[in-house]
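Take a look at the structure set out below.
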Amino acid sequence: MNALTPFRPCPACDTPDVTNMAQFAHDTWKIGKCKLCDFVFLRNPTEYEALEEDFAWEETFWAEDAERKKKRGILKRAAYHARMLGYRLKGDPQNKYVKLLGAGKILDIGCGEVVRWTAPFEPYGIEISKHLHARADAKMKALGGECFQGAGAERIFTLPENHFDSVMMHSYLEHEVQYRELLAGCFRCLKPGGRAFIRVPNFNSLNRRLVGAKWPGFRYPDHVNYFTQQTLRTAAQEAGFEFKLTNKAKIWLDDNIQALLTKPAVT
Ligand SMILES: [Zn+2]
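Position one of the sequence shown corresponds to residue 1 (the working numbering), numbered consecutively onward.
And the structure:
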């Protein structure tokens, strides 16, 4: 097996007192819950070096996606396609994010090869996978931006302070082993008054409680943090942000948490 770290302490509060959640283990991957702060996390994540080449998330995502589709019945498959079609018909979601974040320099962390943001956004990104980074960088440069290659929590500290108007972390923070450092880096590189958008799987969703280990929010070993709205709020506030859920209504039914973080205008 590839480079595995030993079992880590709680990434939220550093305590080694962790309850093993054996019901969610998958092959060699173990999930644990902190006895002090209730944070749920993958206890043995891979090293960053492995993520750059061997464990590129897109490869495991598509392999698991194919397996899930095989297991899904024909009715569920039809429902899935209907949902995807509905999503496309809603049109470009960029307007939603312009309203939430404002225009200007947007830093999309874990952007992959996709450039989701065009004018009035100026697209920047950080991507760990070398081959995805190369494609994103060419596209972003053509739009006046740039993509930076590296591990998010480390690369972000090489970027200028008080520089970006917004940060996008869409389906990213659940992948980031050093998520507290990453949030501190976001706070540092945002302009005062700048905002960050976060979308992560919701470990407290009703669906997760109903389907248990079959919950699609579990991805091994790509997802290393399993946030609840409480643990996400704590992490954002510790980094200095004001925190606001954007899908507060019926959050317990939602498989995802969506939140807007604001760096106070005067710090
Ligand atoms: Zn803890």
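C-beta: ideal position from N, C-alpha, C; glycine also.
Just curious, the alpha helix (DSSP H) that residue 209 is in, first and last residue? 206-211
Report task. Can you give me the Cβ contacts of residue 206 inside the same chain, cut-off strictly under 8 Å, excluding the 5 residues immediately before and after it? Result -> 252 and 253
Pocket of ligand 2 defined by Cβ to heavy atom distance under 6 Å: In the structure on display, ligand 2 does not appear, and the ligands it does have are ligand 1.
Selection from 118, 120, 155 and 121 that minimises the alpha carbon distance to residue 133 = 155
| said: Going by C-alpha to C-alpha distance, which of 195, 37, 219 and 33 sits closest to residue 99? | reply: 195
If residue 163 sits next to residue 189, beta carbons under 8 Å apart, how far is it from one beta carbon to the other, in whole angstroms? 5 Å
query: Which full runs of the alpha helix (DSSP H) of 4+ residues lie inside the stretch 130-191, going along the chain?
result: 130-142, 152-155 and 179-189
Give me the Cα-Cα distance between residue 80 and residue 265, rounded to the nearest whole angstrom. Because the pLDDT at residue 80 is just 49, under 50, the model does not fix this residue reliably, and the point stays unresolved.
### Message
The beta strand (DSSP E) that contains residue 20, what's its start and end?
### Response
18-20
* What is the DSSP secondary structure of residue 272, reduced to helix, strand or coil? -> Outside the shown range of the chain, which is 1 to 267, sits residue 272, and nothing can be said about it.
Query - Identity of the residue in 116, 110, 103 and 102 nearest residue 93 by Cα - result: 116
Discussion item. Nearest by alpha-carbon distance to residue 180: which of 13, 7, 8 and 6 is it?
Written reply: 13
How many angstroms separate the CA atom of residue 104 from the CA atom of residue 231? 30 Å
query = Could you give the residue range of the alpha helix (DSSP H) that holds residue 202?
reply = That residue, residue 202, is in no alpha helix (DSSP H); it is neither H nor E in DSSP.
Margin query: Once DSSP output is grouped into helix, strand and coil, what is the label at residue 47?
Written below: coil
(Q) Which residue marks the beginning of the beta strand (DSSP E) containing residue 244, and which one marks its end? (A) 242-245
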